[in-house]
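**Student:**
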Amino acid sequence: MKRSGTLMLLLLLALSSIAQDQRPNIVWITFEDMSPLLACYGDSTAQTPAINSLSEDSKVFNNAFSTAGVCAPSRSAIITGMYPTFLGTNHMRTGRDIMGESRGVYNKNKNVTDREGNNVIEYSAVIPSNVKCFPEYLRREGYYCTNNAKTDYQFASPFTAWDQNDTKAHWRNRKEEQPFFAVFNFNETHESKLWKHNHLPLTVSPHKVSVPDYYPDTPEVRKDIARVYSNLELLDKRVGEIIQQLKEDGLYDNTYIFFFSDHGGPMPRQKREVISSGLHVPFMIKYPQSAEKGYSDQVVNFIDLAPTVLEIAGVKIPKHLQGSSIQSQKRKYSFAARDRMDEHTSARRSVTDGKYLYVKYLYELPSSYQDIEYRKNVPTMQVLLELKEQKKLSGDQMKWFAPVKELEALYDLENDPDELHNLIGKAEVKEVEKIMRGVMNKWQRNINDRCKAVESTMIEEMWPNQEQPKTDEVVYKVKKGKLHLSCPTKGASIGYKRADKEWKVYTTPIEIDETDSITIKAIRIGYKTSNKQCVTLFPNKFF
Numbered sequence: 003m004k005r006s007g008t009l010m011l012l013l014l015l016a017l018s019s020i021a022q023d024q025r026p027n028i029v030w031i032t033f034e035d036m037s038p039l040l041a042c043y044g045d046s047t048a049q050t051p052a053i054n055s056l057s058e059d060s061k062v063f064n065n066a067f068s069t070a071g072v073c074a075p076s077r078s079a080i081i082t083g084m085y086p087t088f089l090g091t092n093h094m095r096t097g098r099d100i101m102g103e104s105r106g107v108y109n110k111n112k113n114v115t116d117r118e119g120n121n122v123i124e125y126s127a128v129i130p131s132n133v134k135c136f137p138e139y140l141r142r143e144g145y146y147c148t149n150n151a152k153t154d155y156q157f158a159s160p161f162t163a164w165d166q167n168d169t170k171a172h173w174r175n176r177k178e179e180q181p182f183f184a185v186f187n188f189n190e191t192h193e194s195k196l197w198k199h200n201h202l203p204l205t206v207s208p209h210k211v212s213v214p215d216y217y218p219d220t221p222e223v224r225k226d227i228a229r230v231y232s233n234l235e236l237l238d239k240r241v242g243e244i245i246q247q248l249k250e251d252g253l254y255d256n257t258y259i260f261f262f263s264d265h266g267g268p269m270p271r272q273k274r275e276v277i278s279s280g281l282h283v284p285f286m287i288k289y290p291q292s293a294e295k296g297y298s299d300q301v302v303n304f305i306d307l308a309p310t311v312l313e314i315a316g317v318k319i320p321k322h323l324q325g326s327s328i329q330s331q332k333r334k335y336s337f338a339a340r341d342r343m344d345e346h347t348s349a350r351r352s353v354t355d356g357k358y359l360y361v362k363y364l365y366e367l368p369s370s371y372q373d374i375e376y377r378k379n380v381p382t383m384q385v386l387l388e389l390k391e392q393k394k395l396s397g398d399q400m401k402w403f404a405p406v407k408e409l410e411a412l413y414d415l416e417n418d419p420d421e422l423h424n425l426i427g428k429a430e431v432k433e434v435e436k437i438m439r440g441v442m443n444k445w446q447r448n449i450n451d452r453c454k455a456v457e458s459t460m461i462e463e464m465w466p467n468q469e470q471p472k473t474d475e476v477v478y479k480v481k482k483g484k485l486h487l488s489c490p491t492k493g494a495s496i497g498y499k500r501a502d503k504e505w506k507v508y509t510t511p512i513e514i515d516e517t518d519s520i521t522i523k524a525i526r527i528g529y530k531t532s533n534k535q536c537v538t539l540f541p542n543k544f545f
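At the far end of the sequence shown sits residue 545, using the numbering used here, and the numbering has no gaps.
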C-alpha cells in the first residue's frame, strides 16, 4: 500500500512537470512606423507572401491603435501596460537607453525646452514604484524572455526584465522545454529608411501607388510612398525568417504569434500625430492550431498587450495595469496622447471607437504641424514646405499647417479616412461629439494625466537637483541554508546570479551551499542600478 502511494505521488509529480512544460510559447513580431498597408486589410500594393500567409492563420484586428504616434511613448505603454501620460513617459524622448543608467546632460545643441522655455535634460523616467516591465512577471514564473533588440521605453531597460536583451536574443537559447516569450523588433519600415534606403532599388513602382489628398502629387511624394511599400517587402522577408525558424523547431502550430507595428505610418502627417494616420496599426494574433481565425472589429489599445500575454501564460495580472486582456474583455474606446516631440512641445489627447476619432488640444497652437528638424530628412516633408512657401498647396494640403482655432476636432473615419473634415459643431454629430468629449474628460481624470505638468517640473520630481536617484544596495542574510535578499528602495527588483550564469529575478530565498558565490544587485525603474555585491559563503560563517 505504501509503495502504491509512492508511485501515485511520482505519477502526479510527472504529470505536473508535463503541464509545466506545456505552457504556451509566445512570439512577438514587431516593426516600426506602419499603417495597415497589407493585403489582409485590402491593400495589395506590396508583395508580402510571408505576412499574407500568417494572416490566413490568424485573427486579424481591424481597429488596433497605439497609445502614441511615435515609438518611445508607445513602447513605454507596451512594456508596462500603463498609459504614458500616467507614468510621465509621454515626452519624445526622455534620454538614451543605457542599461541601468541615463545621462543627465543638457540637450544644448538641440535646444530642447518645455512649453515654458526651460531647458530639458536627458533623463530616465522615474515611474511609480509598483510598476514593472511585464516580462519580469513571466520570468518569475519560469518563462524564458528575450528581446531582440530595441527597447526605447523612456527609461533604461532594467536587467530584471529579460533573460537576454541583445541582437542575439532568441528562444533557441533557452533550456530544453522551457516555455518562452520572444520579441523580435524589425526596423526596415522606420521613418529614417525613407532616405537611408536610397541606395536600394524600389521594388514597388511610384506609378502604382495612391497619393492621399493631404499630399501634393509630385515625383518626390510618389517615390517616398513607393519606398514605404518597398520597405514593407523587406520586412516581409524578415517575418518569413522567423516563421521558418518556428517551423524548423516544430513550434509554429503551438505558438501564439503577435504581429504589429509600434504606431502608424512613417510619412509626414502620419508619424507623431494622434489621429488615425498616426495611431492605426496592423495587428494580428496567430493562435495555437490557428484556433481563432478571420477578422475582428474589436477595439484594441497597446496597453492591452501586457495583460493579454500574462493571461495567455497563466500568470496573475497585477491589479495596477490599466489595460485589459484582449481575450477576456472588449474595450469600447482607445486613447492616445502627444506631448513634446523632440525639440517642440504640444499637448493633445485623442480617443476613438473605430468609427469616430475625437481630438482635444490642451492649449492653443500656431498649427498642428511642428517644425521638427529630424522629419525634414523626408523628401515629402521638404516638398510640402517648399510648396507651402510658394502658396501652391491645396486647401486640404494646407490644413495641417493652418492655425488651430478650435481646441477640439472630430473625424468620421469611415466616410473621411484621410481626416480632413472637422465635424465639431455639426448638428448631425452633436450627440457623438458630446459622448466623445465626456469619455475623454473622464479618462483624463481617471489616469491623473501627469504630462499636463510642465516637463521641467516633472523632471525635478523624478531627478531632484537634476541628479538621477540610485537604488540602494541589497541587504542579505542567511538562515538555515537559504540566502534572503531585500532592498530598502521601494519598488526595487532584485537580481542574482551564480558564477558564469545569467541573472535571475529574486522571488524567494535561495537554496545555497558552503561553496556558493553569488552576485546580487537591485534596480528600481528610472533609478541607477545598485552596486554589484559578491556574496561569498564560507562554511563556518553562516552554517
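Don't be surprised by glycine CBs; every beta carbon is placed ideally from N, CA and C.
1. Since I believe D264 is in contact with M94 (beta carbons under 8 Å), could you give me their beta-carbon distance rounded to a whole number of angstroms?
2. I'd like to know if the region 489 to 504 and the region 519 to 536 are in contact, where contact means that at least 3 CB-CB pairs between them fall below 8 Å.
3. I'd like to check one pair, T50 with D226: are the Cβ atoms closer than 9 Å?
4. Give me the Cα-Cα distance between M286 and A308, rounded to the nearest whole angstrom.
5. Whose C-alpha, out of Q535, P511 and W505, is nearest the C-alpha of V146?
6. Between the region 425 to 432 and the region 62 to 73, can you find at least three pairs of beta-carbon atoms closer than 8 Å?
7. Please say whether D45 and G267 have beta carbons closer to each other than 9 Å?
8. Could you have a look at S37 and say whether DSSP puts it in helix, strand or coil?
9. With a CB to CB cut of under 7 Å and the five nearest residues on each side skipped, what residues in its chain are close to L253?
10. Quick one: which unbroken beta strand (DSSP E) runs of 3-plus residues sit fully inside the region 113 to 167? Chain order, please.
11. By DSSP, does V241 sit in helix, in strand, or in coil?
12. What number of angstroms, rounded off, separates the C-alpha of V380 from the C-alpha of F262?
13. Looking only at its chain, what residues have a beta carbon closer than 6 Å to the beta carbon of V29, apart from the 5 residues adjacent to it on each side?
14. Ignore the nearest five residues each way along the sequence and tell me which others in W465's own chain have a CB closer than 8 Å to its CB.
15. How many Å lie between A411 and I527 at the Cα?
16. Quick one, are the C-beta atoms of H282 and S37 less than 9 Å apart?
17. Taking all protein chains shown into account, do 16 or more other C-beta atoms lie within 10 angstroms of the C-beta of P160, making it buried, or fewer, making it exposed?
18. Which full runs of the beta strand (DSSP E) of 3+ residues lie inside the region 217 to 304, going along the chain?
19. Tell me, please, whether the region 389 to 400 touches the region 325 to 337 by the rule of three or more beta-carbon pairs shorter than 8 Å.
20. Quick check on the DSSP output: what are the complete beta strand (DSSP E) runs of length 3 or more inside the region 330 to 391, in order along the chain?
21. Closest to D165 by CA distance: which of A228, V406, T148 and E250 is it?
22. Using the Cα positions of T459 and L485, report the straight-line distance between them to the nearest angstrom.
23. Residue range of the beta strand (DSSP E) that F88 falls in?
24. Please report the distance separating the alpha-carbon of W173 from that of F304.
25. Am I right that F182 and T32 are in contact with their C-beta atoms under 8 Å? What's the rounded C-beta distance?
26. Taking the alpha-carbon positions, what's the N467 to V406 distance?
27. What residues are listed by DSSP as bridge partners for G497?
28. Name the DSSP beta bridge partners of A315, please?
29. Excluding sequence positions up to five away, which residues of its chain have a Cβ less than 7 Å from the Cβ of I222?
30. Taking buried to mean at least 16 other C-beta atoms within 10 Å of its own C-beta, is L15 buried or exposed?
31. Taking the continuous alpha helix (DSSP H) assigned at L56, which residues delimit it?
32. If you count every other CB in all the chains shown that lies within 10 Å of the CB of A293, and 16 or more means buried, which is it?
33. Going by alpha carbons, who is nearest to Y478 out of E143, R340 and Y508?
34. Please identify the residue among K177, A41, S78 and K198 whose C-alpha is closest to the C-alpha of G144.
35. Less than 9 Å separating the beta-carbons of P284 and L40?
36. Are M84 and Q329 touching if we call contact CB-CB under 9 Å?
**Tutor:** Well, looking at it:
1. Taking a contact as a CB-CB distance under 8 Å, the pair M94 and D264 does not count as one, their CB atoms being some 12 Å apart.
2. yes
3. no
4. 15 Å
5. Here the sequence assigns Tyr to residue 146, which means Val is not the residue at that position. When only C-alpha atoms are compared, the closest one is W505.
6. Output reads no: the region 425 to 432 does not touch the region 62 to 73.
7. no
8. coil
9. Excluding sequence positions up to five before and after L253, its CB lies within less than 7 Å of the CB of N27, all in the same chain and listed in chain order.
10. 146 to 150
11. helix
12. 23 Å
13. The residues A184, T257 and I259, in chain order, have a CB closer than 6 Å to that of V29 in the same chain once the five nearest residues on each side in sequence are set aside.
14. Only G106, I123, Y125, V128 and P471 meet the Cβ criterion.
15. 36 Å
16. At the C-beta level, H282 and S37 come within 9 Å of one another.
17. buried
18. 257 to 263, 282 to 288 and 296 to 303
19. no
20. Counting only runs of 3+ residues, the beta strand (DSSP E) found wholly inside the region 330 to 391 occupies 336 to 340, 350 to 354 and 358 to 363, in chain order.
21. T148
22. 41 Å
23. F88 -> not in any beta strand (DSSP E); alpha helix (DSSP H) instead, spanning P86 to L89.
24. Answer to the nearest angstrom: the Cα atoms are 23 Å apart.
25. Contact flag wrong, Cβ pair sits at about 16 Å.
26. Going from the Cα of N467 to the Cα of V406 covers about 36 Å.
27. V507 and K523
28. According to the DSSP secondary-structure assignment, A315 is paired through a beta bridge with no residue.
29. Looking at the sequence shown, residue 222 is not Ile but Glu. Answer for E222: P381, T382 and V385, listed in chain order.
30. Bear in mind that the predicted position of L15 carries a pLDDT of just 43, short of 50, making it unreliable; the figure below should be weighed with that in mind. Per the 10 Å Cβ criterion, exposed.
31. Annotation for L56: the continuous alpha helix (DSSP H) segment containing it runs P51 to E58.
32. exposed
33. Y508
34. K177
35. yes
36. No. Outside cutoff.
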